[in-house]
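**Q** Right, I'll just put the structure down here and ask away after.
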Amino acid sequence: MLRLLIGGRFLPNHKSNYFPNILSSGRFLHTQTSSSDDSWTNNRDLNIDLLFHSCTKTHLAKRLHALLIVLGKIQSLFISTRLVNLYANLGNISLSQQTFDQIPQKDVYTWNSMISAYVHNGAHTDAITCLYKMLTFEVKPDFYTFPPVIKACRDINNGKMIHAWISKTGLEWDVFVAASLVHMYCRFGIFDAAYGIFTNMPFRDMGCWNAIISGFCQNGKGEKALQILDEMKFEGIKLDSVTVSTVLPICAQMDDMSQGRLIHLYVIKHGLESDLFVGNAFINFYAKFGELIISQKFFDSLVTRDLVSWNSIISAYEQNGNPDRALWFFREMQKDGFAPDLLTLVSVASSIAQSRDTRGSKCVHGFILRRSWFVKDVIIGNAVVDMYAKLGNVENARELFERISIKDVVSWNTMITGYGQNGLASDAIEVFQNMVEKNFVTPNQGTWASIIPAYAHIGALKEGQKCHSNVLKTGLILDLYIGTCLIDFYGKCGKVKDAMLLFDEVPKTNSVPWNAVISCLGIHGHGETCLKLFENMIESGTHPDAITFISLLSACSHSGLIEQGEQCFNAMEKDYGVKPGLKHYGCYVDMLGRAGELEKAYDFIKSMPLTPDASVWGALLGACRIYGNTDLGKVVSEKLLEVDEGNVGYYVLLSNIYANAGKWEGVNRVRLMANEKGLKKTPGWSSVEIDKRMEVFYTGNYSHSKCEEIYKELEDLMMKIKVIGYVPDYSFVLQDVEEDEKERILMSHSERLAIAYGIISTPPKTVIRIFKNLRVCGDCHNATKFISKVTEREIVVRDSNRFHNFKDGVCSCGDYW
DNA sequence: CTAGGGTTAG
1 MLRLLIGGRF
11 LPNHKSNYFP
21 NILSSGRFLH
31 TQTSSSDDSW
41 TNNRDLNIDL
51 LFHSCTKTHL
61 AKRLHALLIV
71 LGKIQSLFIS
81 TRLVNLYANL
91 GNISLSQQTF
101 DQIPQKDVYT
111 WNSMISAYVH
121 NGAHTDAITC
131 LYKMLTFEVK
141 PDFYTFPPVI
151 KACRDINNGK
161 MIHAWISKTG
171 LEWDVFVAAS
181 LVHMYCRFGI
191 FDAAYGIFTN
201 MPFRDMGCWN
211 AIISGFCQNG
221 KGEKALQILD
231 EMKFEGIKLD
241 SVTVSTVLPI
251 CAQMDDMSQG
261 RLIHLYVIKH
271 GLESDLFVGN
281 AFINFYAKFG
291 ELIISQKFFD
301 SLVTRDLVSW
311 NSIISAYEQN
321 GNPDRALWFF
331 REMQKDGFAP
341 DLLTLVSVAS
351 SIAQSRDTRG
361 SKCVHGFILR
371 RSWFVKDVII
381 GNAVVDMYAK
391 LGNVENAREL
401 FERISIKDVV
411 SWNTMITGYG
421 QNGLASDAIE
431 VFQNMVEKNF
441 VTPNQGTWAS
451 IIPAYAHIGA
461 LKEGQKCHSN
471 VLKTGLILDL
481 YIGTCLIDFY
491 GKCGKVKDAM
501 LLFDEVPKTN
511 SVPWNAVISC
521 LGIHGHGETC
531 LKLFENMIES
541 GTHPDAITFI
551 SLLSACSHSG
561 LIEQGEQCFN
571 AMEKDYGVKP
581 GLKHYGCYVD
591 MLGRAGELEK
601 AYDFIKSMPL
611 TPDASVWGAL
621 LGACRIYGNT
631 DLGKVVSEKL
641 LEVDEGNVGY
651 YVLLSNIYAN
661 AGKWEGVNRV
671 RLMANEKGLK
681 KTPGWSSVEI
691 DKRMEVFYTG
701 NYSHSKCEEI
711 YKELEDLMMK
721 IKVIGYVPDY
731 SFVLQDVEED
741 EKERILMSHS
751 ERLAIAYGII
761 STPPKTVIRI
771 FKNLRVCGDC
781 HNATKFISKV
791 TEREIVVRDS
801 NRFHNFKDGV
811 CSCGDYW
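Numbered by the UniProt record's numbering, the letters in the first sequence go through residues 1 to 817 in order.
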């Protein structure tokens, strides 16, 4: 008995501070008989502990192994078992297993060591197999055997079987065994069984309390875990470092800052501050609330740091928008001799994306490739796909995405979002359809949040509605994020009523759904309703943000509500503390410009406190186009090309202005300038949804399978609408050609091809929905009004600027756009 | 020489 205690079996090694229970826990009923009694007698000539502890790398362990063979010590069961453990601790399970296999006569220590070696290295099946093998050698498992075995159980049947077996051996209430069982039942979600064992335990040590708390925490029962924590406090048991590091992530997850702060005070009082796990947990806890100074304090006060400490501080800065500092810590950790792991690189990849470092992205990719980490875990592949997509490099993102052999739902979501955020909605849809067809993974909240905006972008109403019904089925409809996506979607597809209905349903806990609905009504020209909603928003106590005012100002602009727009602009900083940014100035200029107040807009720009950027000058140039002001247009375009000479859109706009005024030499000059810079006009395209499929038309495209029918229909339509008063407006033709050629050019505009195709492909009187990637041409706008009248159809056209609803010869925009 | 409960994630 004395030797057991002095030998370190219970006293020095034991981490528990609940000692009295152990003495009475029944543990001493089991006497250990060891066949390897050679440990003290035969190996005194070597300082075994020192030798083993000095092996911190596999190659050192191998040298020690060789030395022990030479010295003839390998026959000692004690020595060879230690080698099994040593290799396992170094993470080299195959060497551990080899050493184990070469031992002829194994005792219970040896078997236990091998089983726990497997478990520690994640080889759960091997651990169970090893247990059965142990039985065939007629070695009886003891209470060292079971905890790792329980940990290795991957399914509930296996677990229950092992549990029954343990009951028969009478080891069920050993604190280690029982704690393992409690944790296992939690893992399988059988919380009643776990709690049952816990309450029936005759003796509990800290480990048991921690087992049930962590069991609840890790399996989505945070609230219940905190209840047990209270129970524990009530019984006067002190939290230890394990409890603290278990509970903190739950506090963060439940957004319970005050609970965490209380624990912080407790930790200071009980001197747990410098504990590695506790410190790491606090770094993460405070980082989640953006309290980086406190996170940094914890990091600084750590006496020893491990990989998790470094990863945590790097992720803290990365998650809070300070990628440079995150990358600085990444270099520091390496200087400090720590080799980055997979999780380090996840944060680093995101930091690189945030700091827009294209060269760095290649380094990160190479770094991971060299270590073959992509096969180790999807998470790192997903992180790098995300990094490339955020840097706008969708090709590399897609290539890597295809190389991920086992994709999870996040992989798909990342790729869909990546395409969507780079404006490639049709590619996003292709990936989504692939995901659904292959049926590999079930879409989740993130999937809907990435695909619905893509459908909104191209105006695919039917497909989006299908998503909506799927969202209803999965019960995610009350999710604020998805709700907002759907509001935006219906708005962009022209379904204002549906958008409003949804808006009534979603929880309005922050400004986001308000912004969505205001912007939706704005592009439909319901400026007055927007202002009303803004009032409601303020009344409901929701604080408006920068986006709110962008939506509001652009709504005023689209509806010609100059006075109200001015009021908004003046009130935003004064009354709501939102400082106007360049986008707000852009909206304001746009508003004045559309109303024809070109000089006022120009003066306004000159008086701006910020340096106007391309979007501000671009708004004014657009107004010059509407009002045919070539003189101001020339001045503005010069300013514009100073700030952004690479954007082809402005050249097009300027050449439009010249063409409109019939100044063809100006048109040619601008065209030449653009050509010299190597700029190509963005090809215009329009799409129409037929039978849930999107058909895309490019301007002057003659390769469509129904091409002849489309042009025939267009010619018929032209005749019909001319009869009721349509006159082609050739000012929208940018080429200096003959009149009938001009008519042909207008007729082959992509939006008109899409409309004609819609008419011949759908039953009479059904609504036709068109999406155009650029602004709709003025002549097409006029023609569409007449077409809606002669065909008795509602035609919905969304362009890059706003929304047009043509019905019975008029457009919802009132020709003001 | 062997055992339970702990911190980092796209």
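From the three backbone atoms N, C-alpha and C, an ideal C-beta is built for every residue, glycine too.
Determine whether the beta carbon atoms of residue 688 and residue 768 lie at a separation below 8 Å.
**A** Yes.
**Q** Distance, Cα to Cα, residue 354 vs residue 362?
**A** Those two C-alpha atoms are separated by around 14 Å.
**Q** Less than 8 Å separating the beta-carbons of residue 281 and residue 248?
**A** Taking 8 Å as the Cβ cut-off, residue 281 and residue 248 qualify as a contacting pair.
**Q** For the ligand SAH, I want to know if residue 123 counts as a neighbour, meaning its beta carbon is within less than 7 Å of at least one of the ligand's heavy atoms.
**A** As presented, the structure is devoid of all ligands, the ligand SAH included, so that no description of it is given.
**Q** Bridge partners for residue 693 per DSSP, in chain order?
**A** 690, per the DSSP bridge assignment.
**Q** Does residue 137 pass the burial test, meaning 16 or more other C-beta atoms within 10 Å, or should it be called exposed?
**A** By the neighbour-count rule (16 or more Cβ atoms within 10 Å), residue 137 is not buried but exposed.
**Q** Assign residue 624 to one of three DSSP states: helix, strand, or coil.
**A** Three-state DSSP puts residue 624 in a helix.
**Q** DSSP on residue 726, reduced to helix/strand/coil?
**A** The answer is coil: DSSP assigns residue 726 none of H, G, I, E or B.
**Q** Inspect the beta-carbon positions of residue 295 and residue 283 and report whether they are closer than 8 Å.
**A** It is a contact, given that the beta carbons lie within the stated cut-off.
**Q** For residue 527, collect the residues of the same chain with a Cβ closer than 6 Å to its Cβ; drop the 5 residues on either side in sequence, then sort them by chain order.
**A** Contacts found: 555, 556, 559, 561.
**Q** Alpha carbon to alpha carbon, how far is residue 54 from residue 110?
**A** Approximately 22 Å, taken between the alpha carbons.
**Q** Between the C-alpha atoms of residue 154 and residue 126, what's the straight-line distance to the nearest angstrom?
**A** Approximately 12 Å, taken between the alpha carbons.
**Q** Could you check what DSSP says for residue 807 in three-state terms: helix, strand or coil?
**A** Looking at residue 807 - three-state DSSP - the assignment turns out to be strand.
**Q** Between which two residues does the beta strand (DSSP E) holding residue 797 run?
**A** Its beta strand (DSSP E) spans residues 795 to 798.
**Q** So the candidates are 318, 195, 188; which of them puts its Cα closest to the Cα of residue 842?
**A** Lying before the first or after the last residue shown, residue 842 is absent from the chain, which here runs from 1 to 817.
**Q** From the DSSP secondary-structure annotation, give me the bridge partner or partners of residue 769.
**A** Beta-bridge pairing links residue 769 to 796.
**Q** Spatial neighbours of residue 377 within its chain, please: CB distance less than 8 Å, with the 5 preceding and 5 following residues excluded, ordered by chain position.
**A** Closer than 8 Å at the Cβ level, and outside the excluded window around residue 377, lie 342.
**Q** Taking Cβ to Cβ, would you say residue 187 is nearer than 8 Å to residue 215?
**A** Yes, these two residues count as a Cβ contact at 8 Å.
**Q** Where does residue 816 fall in DSSP's three states?
**A** Of the three classes helix, strand and coil, the one that applies to residue 816 here is coil, per DSSP.
**Q** Output needed for residue 288: all residues of its chain with C-beta closer than 6 Å, excluding positions within five of it in sequence on either side, in chain order.
**A** Around residue 288: 252.
**Q** So, do the segment 584 to 593 and the segment 615 to 623 have three or more beta carbon pairs nearer to each other than 8 Å?
**A** Yes, since at least three Cβ pairs between the segment 584 to 593 and the segment 615 to 623 fall closer than 8 Å, the two stretches touch.
**Q** With 16 other CB atoms within 10 Å as the buried threshold, where does residue 607 fall?
**A** So residue 607 counts as exposed.
**Q** Could you pull the start and end residues of the alpha helix (DSSP H) that residue 554 belongs to?
**A** Taken as a continuous stretch (DSSP letters only), the alpha helix (DSSP H) holding residue 554 covers 546 to 559.
**Q** Where do the ends of the alpha helix (DSSP H) carrying residue 761 lie?
**A** 750 to 761 is the span of the alpha helix (DSSP H), which, as asked, contains residue 761.
**Q** Mapping the DSSP letters down to three states, classify residue 144 as helix, strand or coil.
**A** DSSP places residue 144 in coil when its eight states are reduced to three.
**Q** Report the start-end ranges of each beta strand (DSSP E) in the segment 655 to 691 that is 3 residues or longer and not cut off at the edges.
**A** Runs found: 685 to 690.
**Q** Which two residues bound the contiguous alpha helix (DSSP H) that contains residue 457?
**A** From DSSP, the alpha helix (DSSP H) with residue 457 extends over 445 to 458.
**Q** Are there 16 or more other CB atoms within 10 angstroms of the CB of residue 275, so buried, or fewer, so exposed?
**A** Label assigned to residue 275: buried.
**Q** Give the straight-line distance between the Cα atoms of residue 684 and residue 416, rounded to the nearest whole angstrom.
**A** Taking the straight line from one Cα to the other gives about 24 Å.
**Q** Determine, using beta-carbon pairs with one atom in the segment 497 to 514 and one in the segment 792 to 807, whether at least three such pairs fall under 8 Å.
**A** Cβ pair count under 8 Å is below three, so no.
**Q** Would residue 628 and residue 661 qualify as a contact pair, given that the criterion is a beta-carbon distance under 8 Å?
**A** Yes, the Cβ-Cβ distance between residue 628 and residue 661 is below 8 Å.
**Q** Does the segment 712 to 729 come close enough to the segment 745 to 761 that 3 or more CB-CB pairs lie under 8 Å?
**A** Output reads yes: the segment 712 to 729 touches the segment 745 to 761.
**Q** Near residue 392, what residues of its chain come up, given a Cβ to Cβ distance below 7 Å and the 5 sequence neighbours on each side ignored?
**A** Correct list, in chain order: 422.
**Q** What does the alpha-carbon distance come out to for the pair residue 567 and residue 575?
**A** Going from the Cα of residue 567 to the Cα of residue 575 covers about 11 Å.
**Q** Excluding the five sequence neighbours on either side, which residues of its own chain have a C-beta within less than 7 Å of the C-beta of residue 458, listed in chain order?
**A** Here the set comprises 425, 426, 687, 694, 771.
**Q** Please report the straight-line C-alpha distance between residue 835 and residue 681, rounded to a whole angstrom.
**A** Residue 835 lies beyond the residue range present for the chain, which begins at 1 and ends at 817; the question has no answer from this structure.
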